[in-house]
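This report concerns only the one structure given below.
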Amino acid sequence: MCKDYPTRVKNNMKATAVAPSNIAFIKYWGKKDEVLRLPENGSLSMNLSNLLTTTTVEFDKKYRQDEVFLKGSTLYKVEPSQEGNDPKRVIEHLNLIRKMVKTNLKAKVVSQTNFPSGTGLSSSASGFAALTLAASKAAGLNLSEKDLSILARQGSGSACRSIPDGFVEWLDGSTSKTSYAISLFPPDYWKIADVVAIVSTDKKDVSSTAGQKLVSSSPFFQTRLQNIKIKLERAKQLLTEKNFPLFGELLEAEALELHAIMLTSRPSLIYWTPGTLKIMKLVKKWRGEGLPVYFTINTGQDIHLICEQKNIDKIQEKLKEIDEIKNIIINYPSVGARLSDNHLF
Ligand code: DP6
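Residue 817 in the working numbering sits at position 6 of the sequence shown, with consecutive numbering throughout.
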């Protein structure tokens, strides 16, 4: 589905975008090209209505250097950090856009995320999708959905899936021009939800970018690659059929496969905490008792419970009884990145 990104008034170099995080049902883990962020395999995801980043970008000659404020309060120094949205990566992304419009103008970037970062909720996906739309618009570009997705991918791979609406496929592609995300179905296509359980807001030790560099050290990675195309096709078929139990089984098995790769990488990557594991086991128990709910986990301890919307209340009730859970965020399938008039500065 294509959205219209209207042309900006000339000389107005400020723009704001809001973008959702997304949850991958078939995961992206491993790159064919580190710089371009071309994935080893295609992936499948759903945009999330309540995990959002809002970003305002302004290019202006009054800025002598790029100023990057993450969370709207702190001016981060320009130095490498573990965080997905670290200022160095933000500035590299601005450089790509400056190159496209042939400008040297510096920018101010203010970005606010309404959920914890570095805990497994993909803040780099919402962050780079919002930055891509806001910065390209502020620079006077009027990119298509496809070109926005290609550009977002170069900031953080999973960000390319936060550009189109609803249920999304990231097409594998062997070149930059052919590796982008498309909407398979709009948000109202299927009444499912992602109930996120925040187990802790502690930041992970190893970022997704660093973790992915270890993929080929796992003896299971080649096996994964041999089967992944069939698995992706199967997931798309079950999505088309809206077969919730089989879709759920597949996405949970996929999350466990991802973590099997992580656990067997050298050095090993262990993102779960006791709280994560407790919920994983409970989800299986609840299923045994007749409640259809499945888990998926990314790089971090926080856990996503995928269910039909009619079962959200039941799941929420159960989660409220678990001491380890700090917060619960209910997410519906959502539209992708969009422009906003509510500038952050
Ligand atoms: C486990 O998109 O954060 O969440 O491209 O290096 O920024 P970079 O990696 P990133 O990796 C996401 C990994 C994942 C799986 C997924 O979302 O598909």
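Glycine included, each C-beta is placed from N, C-alpha and C at the ideal position.
Beta-carbon proximity of residue 868 to residue 949, cut-off 8 Å: yes
Runs of beta strand (DSSP E) wholly within the stretch 1047 to 1121 (minimum 3 residues, chain order): 1104 to 1108, 1114 to 1119
Beta bridge counterpart(s) of residue 878 as assigned by DSSP: 919
Residue 832 beta carbon near the ligand DP6 (any heavy atom closer than 7 Å): no
Selection from 876, 1060, 1148, 1019 that minimises the alpha carbon distance to residue 845: Of all alpha-carbon atoms in 876, 1060, 1148, 1019, the one lying nearest the alpha-carbon of residue 845 is that of 1019.
Straight-line gap, residue 1041 to residue 990 (C-alpha atoms, nearest Å): 19 Å
Selected residue, minimal CA-CA separation from residue 1030, among 1051, 1079, 952: Of the listed residues, the one whose Cα sits closest to residue 1030 is 1079.
Sufficient close CB pairs (3 or more, under 8 Å) joining the stretch 969 to 981 to the stretch 934 to 950: These segments touch.
Under 8 Å between C-beta atoms of residue 1099 and residue 929: no
Residue 1042 CB to nearest heavy atom of the ligand DP6 below 7 Å: no
Beta bridge counterpart(s) of residue 981 as assigned by DSSP: 854, 992
Helix, strand or coil at residue 953 according to DSSP, with G and I counted as helix: The answer is coil: DSSP assigns residue 953 none of H, G, I, E or B.
Where residue 864 falls, given that 16 or more other Cβ within 10 Å makes a residue buried: buried
Whole-number beta carbon distance between residue 877 and residue 902, since they are thought to touch under 8 Å: 5 Å
Chain B contact for residue 1047 (CB, 8 Å cutoff): In the structure shown, chain B does not exist; there is a single protein chain.
Residue 1155 to residue 825 span [Cα, whole Å]: Cα to Cα, the separation comes out at about 10 Å.
Buried versus exposed call for residue 831 [16 or more other C-beta atoms within 10 Å across all chains shown]: Counting of Cβ neighbours within 10 angstroms places residue 831 among the buried residues, the total reaching 16 or more.
Neighbourhood of residue 964 by C-beta, 7 Å cutoff - its chain only, sequence neighbours within 5 removed: 848, 970, 971, 990, 991
Any non-hydrogen atom of the ligand DP6 within 7 Å of residue 1023 CB: yes
Residue 1031 (DSSP reduced to helix, strand or coil): coil
Residue 1102: CB within 7 Å of a non-hydrogen atom of the ligand DP6: no
Identity of the residues DSSP links to residue 869 by a beta bridge: 825, 919
Nearest-angstrom beta carbon gap, residue 981 and residue 854 [assumed within contact, 8 Å]: Sure, about 5 Å apart at Cβ, within 8 Å.
Residue 887 in three-state terms, based on DSSP: With a pLDDT of 41 at residue 887, under the threshold of 50, the predicted position of this residue should be treated as unreliable, though the coordinate-derived value follows. Residue state, collapsed to three classes: coil.
Any non-hydrogen atom of the ligand DP6 within 7 Å of residue 1069 CB: yes
Buried or exposed by the 16-neighbour rule on C-beta atoms within 10 Å, applied to residue 888: With a pLDDT of only 35 at residue 888, under 50, the local geometry of the prediction cannot be trusted, and the value read off the model is given with reservation. When all chains shown are included, residue 888 counts as exposed.
Range of the contiguous alpha helix (DSSP H) that encloses residue 1019: 1019 to 1023
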